[in-house]
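Residue numbers (my numbering): 4 to 324. Cβ atoms here follow ideal geometry from the backbone N, Cα and C, with glycine treated the same way. Scroll down for the structure; my scribbles are underneath it.
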């Protein structure tokens with residue numbers, strides 16, 4: 004099998020190791036609206052039977068693979084294996100996407116009751132809905148919070164389901180109360196339209212908590228890997244990474260920062276107190292408001308805002324550039 008290093012270096016002599024693979028320039032002719040990949044944004048990694056491609060600029064992996072095959076950079080066996088696996092993968096993915104869209108169509112009003120139990124009072128955005136009775140397995144049904152996962156083109160590519168108790172006051176008593184259906188790689192639950200500054204959080208409850216506390220446009224990337232896989236609009240100039248305050252969250256920051264900095268974006272890290280997530284912080288934030296330590300909002304002035312965050316034990320730092 005042709006190695007990821009060989010492919011990456013052939014595409015661009017300045018390719019560098021990154022995230023377990025090699026970061027190089029995407030060869031797809033339409034990349035960058037036809038202007039080409041000026042800032043290397045294609046990650047090539049070694050798969051079990053063929054190279055794997057992730058274009059952070061949004062080019063489909065199939066388009067990347069086709070262009071690389073066209074240039075003769077992989078062996079004949081890899082071409083045939085890749086084509087067969089790719090077609091099967093596309094068929095399965097389409098079935099999951101269709102099912103996800105069907106579930107989304109069945110969901111309706113926002114999940115106010117559940118979010119209230121989590122201390123979240125901000126109005127849920129249109130990307131979050133409530134399903135009265137959703138199948139957990141073949142025989143069990145629960146109410147659920149359903150969130151739309153949008154791809155880089157804004158289309159729904161998956162749904163994220165949080166199965167709840169019948170009274171919607173907590174998560175359902177099942178092994179995996181949170182499940183995604185469809186391909187979430189590169190996508191996110193968009194709680195607002197992205198602006199010049201975009202905040203990224205790990206989970207939906209965390210993201211909503213940050214919206215309530217900061218007022219920033221926020222997306223939920225659904226897991227630590229989402230921080231470095233999510234595809235952002237060109238309009239985003241500053242990315243604020245807000246993972247949970249645990250070792251996994253700390254570890255992901257440098258990898259995500261490296262990627263976003265390579266795209267020419269400023270990167271900030273919003274760090275919660277140790278061993279806390281952002282929903283924990285929201286609860287503490289409400290408690291401080293209740294005893295008069297603040298008026299329920301973060302001051303708009305940068306210096307005052309930083310002082311406010313310091314009181315809560317948060318930290319904002321520049322990373323990656």
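Excluding the 5 residues flanking it on each side, residue 251 has same chain C-beta neighbours closer than 7 Å at 227, in chain order.
Taking 8 Å as the cut-off, the Cβ atoms of residue 122 and residue 321 do not count as close. Boundaries of the beta strand (DSSP E) around residue 48: 45-49.
DSSP places residue 125 outside any beta strand (DSSP E), giving it a letter other than H or E. Following the DSSP letters along the chain, one finds residue 73 inside the alpha helix (DSSP H) bounded by residues 64-73.
The shortest CA-to-CA distance from residue 272 to any of 203, 197 and 239 is the one to 203. Residue 265: member of the alpha helix (DSSP H) spanning 250-265, first to last residue. In terms of Cβ geometry, residue 184 and residue 221 do not form a close pair [threshold 8 Å].
For residue 181, the beta-bridge partners assigned by DSSP are 165.
Under the three-state reduction of DSSP, residue 321 is assigned to strand.
With 16 or more other CB atoms across the displayed protein chains lying within 10 angstroms of its CB, residue 44 is buried.
Residue 160 carries a strand assignment under DSSP once its states are collapsed to helix, strand and coil. Within the model, the alpha-carbon separation for residue 279 versus residue 213 is close to 13 Å. Just so you know, the alpha carbons of residue 244 and residue 98 end up roughly 32 Å apart.
In the three-state scheme derived from DSSP, where H, G and I count as helix and E and B as strand, residue 102 is classed as helix.
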